[in-house]
Amino acid sequence: MRQSSLVVVANRLPLDDNAAPDGACEWRRSPGGLASALHAILEQTPATWVGWAGGIGPAPQLSDIGGLRLRPVSLSAAELRGYYEGFANSTLWPLYHDAVQQPVFDRGWWETYRIVNRRFAEAAAEVAEHGAAVWVQDYHLQLVPQMLRDLRPDLLIGFFMHVPFPPPELYMQLPRRVELLRGMLGADLVGFQRPQAAHNVAQLAQKLLGAHATDDVITVDGRTVHTGAFPVSIDVAEMRALSSSPDVLSQAKQLRHDLGQPKRVLLSVDRLDYTKGIEHRLTAYSELLRDGHVKVRDTVMVQVAVPSREQVDSYQDLRDRIESEVGRINGEFGRVGEPAIHYLNQPFARSQLAALYQTADVMVVTPLRDGMNLVAKEFVAAREDGGGALVLSEFAGAAAELEQAFLVNPHDVDGLKETLLHAMSAEPADLSARMTAMREHLVGHDILAWARAYLTALDHTGRLAERLPDT
Ligand code: ADP
Ligand code: F6P
0 MRQSSLVVVA
10 NRLPLDDNAA
20 PDGACEWRRS
30 PGGLASALHA
40 ILEQTPATWV
50 GWAGGIGPAP
60 QLSDIGGLRL
70 RPVSLSAAEL
80 RGYYEGFANS
90 TLWPLYHDAV
100 QQPVFDRGWW
110 ETYRIVNRRF
120 AEAAAEVAEH
130 GAAVWVQDYH
140 LQLVPQMLRD
150 LRPDLLIGFF
160 MHVPFPPPEL
170 YMQLPRRVEL
180 LRGMLGADLV
190 GFQRPQAAHN
200 VAQLAQKLLG
210 AHATDDVITV
220 DGRTVHTGAF
230 PVSIDVAEMR
240 ALSSSPDVLS
250 QAKQLRHDLG
260 QPKRVLLSVD
270 RLDYTKGIEH
280 RLTAYSELLR
290 DGHVKVRDTV
300 MVQVAVPSRE
310 QVDSYQDLRD
320 RIESEVGRIN
330 GEFGRVGEPA
340 IHYLNQPFAR
350 SQLAALYQTA
360 DVMVVTPLRD
370 GMNLVAKEFV
380 AAREDGGGAL
390 VLSEFAGAAA
400 ELEQAFLVNP
410 HDVDGLKETL
420 LHAMSAEPAD
430 LSARMTAMRE
440 HLVGHDILAW
450 ARAYLTALDH
460 TGRLAERLPD
470 T
């Protein structure tokens, strides 16, 4: 078994199991923030990525991608249900997102979550060199840091939570709250998107573990665990280059033509997830149409909603509700050849996403709660022209950085309508000033800056960060 000095452990490998019938593998830019973020840095970094390759049954043999080795972890059908669809995405996901959907507490799922976390920990222990750094990602693998420490005390262990970490009053609902907290605090450094999350963990560590805890350092079981905020970002250079390419610019022109050359295009791009606020947004848009503030021929809305977690009941129900509402709105307000909403339930290539971002006059990103939201950052990076307005939920982590967006509370449908109208009628000079300020921020805070900041805080020396690509 070949071993690495840097190991990343995440639920998913960044490739499609269908993409490699002959064993050769290709990057799939899977529609999800974690894979988007890590893909950008690891493609060029000598490391091993431990993760699930999608599908069930024995793990496939996968070739290296550049310097990156892939170590697949297998899941059976029952494990996929109990660990991924169950405990991770029906218990932790809704609870960590303000319980915008009722979390399901099914006692049968816990044991499977534990078993699968153990398998990931064992796989990481197997591929890590003596003294290696292992960087564990997200809520699917919250038990892995402590399991790994027990197996391999020589390792430097990092954990990063891509999603929000809830306030104590919500976290306390979790039947396995102590084990989950202890598991995560097995790391040397626990990173979050926002400082509030580190504060929440400190409070919980005091309350549940009797630990001495501040917002930066927790002392537990005689060990020191550092915590902190490291807001994740995107490959700004990639998105800028894509968006200024002649091919993307001509795709964008064609898109606008295909949409009927409207005065304004409103765009949303989300995984089809109840945290993304798609239903609230549709209500707001439908009322703007009803009240005559927006006219179908002048304005077009494009909603990209890529399928996600389709075996989970709440996601199936959401899809049914959204598709019925889009049908109602188009039936009521559309005309022949002129739908009010273009609804696209499909994955897109990066270049197609860049063309869509170029086409948008108003980008509407209104999650009810989101750890970061990389779509908002991608839109800003794509708009070198300084055009376009970003309407952004206050409840997305990105709102703390993209302060010049048109910030909105998506729960307040009247406020959302007003903000949409405000963004639609803003002066070009105002839009350009806002976009310039946001772009400047992003250039200094891209995905490499994120990884450097995290890895430097993990090893305190900067040696890990030196392995990352220069640009
Ligand atoms: P989340 O992690 O909850 O999915 P983010 O907004 O942080 O949300 O990340 C979503 C990522 O998925 C972005 O990089 C975005 O470009 C990508 N994405 C979203 N929709 C699609 C789609 N239809 N096809 C391909 N990629 C998509
Ligand atoms: O960002 C949160 C997250 O769960 C990531 O871990 C993942 O990349 C993304 O959402 C997409 O979800 P899934 O892996 O369930 O398709």
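Under numbering that gives the first Met the number 0, the first residue of the sequence shown carries the number 0, and numbering increases by one thereafter. The beta-carbon is built from N, C-alpha and C at its ideal position, and this holds for glycine as well.
Specify, as a first and last residue, the run of the alpha helix (DSSP H) that residue i falls within.
i: M362; result: Premise fails: M362 lies in the beta strand (DSSP E), V361 to V364, not in any alpha helix (DSSP H).
i: G443; result: P427 to G443
i: A353; result: R349 to T358
i: L373; result: L373 to A381
i: L169; result: P167 to Y170
i: L33; result: G32 to L41
i: L94; result: W92 to Y95
Which residue comes first and which comes last in the beta strand (DSSP E) that contains residue i?
i: P71; result: L67 to V72
i: D411; result: That residue, D411, is in no beta strand (DSSP E); it is neither H nor E in DSSP.
i: G182; result: First-last for G182: R176 to M183, but that is the alpha helix (DSSP H), not the beta strand (DSSP E).
i: F332; result: Counting along the chain, F332 falls outside any beta strand (DSSP E), though it belongs to the alpha helix (DSSP H) covering D312 to F332.
i: V235; result: Segment V235 to S242 is the alpha helix (DSSP H) holding V235; no beta strand (DSSP E) there.
i: G227; result: R222 to A228
i: S392; result: A388 to S392
i: I217; result: V216 to V219
i: T47; result: A46 to W51
Grouping DSSP H, G and I as helix and E and B as strand, with all else coil, what is residue i?
i: L155; result: strand
i: I340; result: strand
i: D458; result: helix
i: G85; result: helix
i: P20; result: Its pLDDT being 46, under 50, P20 is placed unreliably in this model, and the value from its coordinates should be taken loosely. Here P20 sits in coil by DSSP.
i: G190; result: strand
i: L14; result: coil
i: M300; result: strand
i: A404; result: coil
i: S285; result: helix
i: L61; result: coil
i: G396; result: helix
i: S232; result: coil
i: A98; result: coil
i: L5; result: strand
i: A210; result: coil
Is it buried or exposed for residue i, if we count other Cβ within 10 angstroms and need 16 for buried?
i: H129; result: exposed
i: A77; result: exposed
i: H211; result: exposed
i: V335; result: exposed
i: D272; result: buried
i: P338; result: buried
i: D469; result: exposed
i: Q2; result: exposed
i: V177; result: exposed
i: I40; result: buried
i: T460; result: exposed
i: I233; result: buried
i: M146; result: buried
i: M171; result: exposed
i: G32; result: buried
i: E377; result: buried
i: I277; result: buried
i: I519; result: Nothing can be reported for residue 519, as the shown portion of the chain is limited to 0 through 470.
i: P71; result: buried
Pick from the options: whose alpha carbon is nearest that of residue i?
i: Q403; options: A425, M434, S267 and G387; result: M434
i: R368; options: L147, V301, K275 and I321; result: K275
i: N10; options: G370, W48, S4 and L447; result: W48
i: D445; options: E417, A397, L415 and L5; result: A397
i: F159; options: A204, G209 and A452; result: A452
i: L489; options: P166, V361 and R117; result: Any property of residue 489 remains undetermined from this structure, which presents the chain solely from 0 to 470.
i: P166; options: I328, L241 and H96; result: H96
i: W134; options: A87, A46, L91 and P174; result: A46
i: A124; options: W109, R148, E237 and D319; result: R148
i: M362; options: H225, Q195, H421 and G461; result: H421
i: H198; options: L188, M183, V216 and L208; result: V216
i: P13; options: S4, L184 and A36; result: A36
i: E293; options: L419, R181, V99 and P152; result: Residue identity differs from the one stated: residue 293 is Val in this sequence, not Glu. Comparing Cα positions, the closest option is L419.
i: D105; options: L248, Y82 and D316; result: Y82
i: Q260; options: A359, R318, L241 and E309; result: A359
i: L355; options: G333, G387 and R327; result: G387
i: L373; options: L441, R327, S89 and F86; result: L441
i: A127; options: R239, Q100 and M0; result: M0
i: R255; options: V299, D246 and G291; result: V299
i: L467; options: Q310, G66, L207 and F332; result: G66
Mind listing, in chain order, the continuous beta strand (DSSP E) runs of no fewer than 3 residues lying wholly within the region 102 to 144?
127 to 136
Could you give the uninterrupted runs of the beta strand (DSSP E) lying entirely in the region 249 to 282, keeping only those of 3 residues or more?
263 to 270
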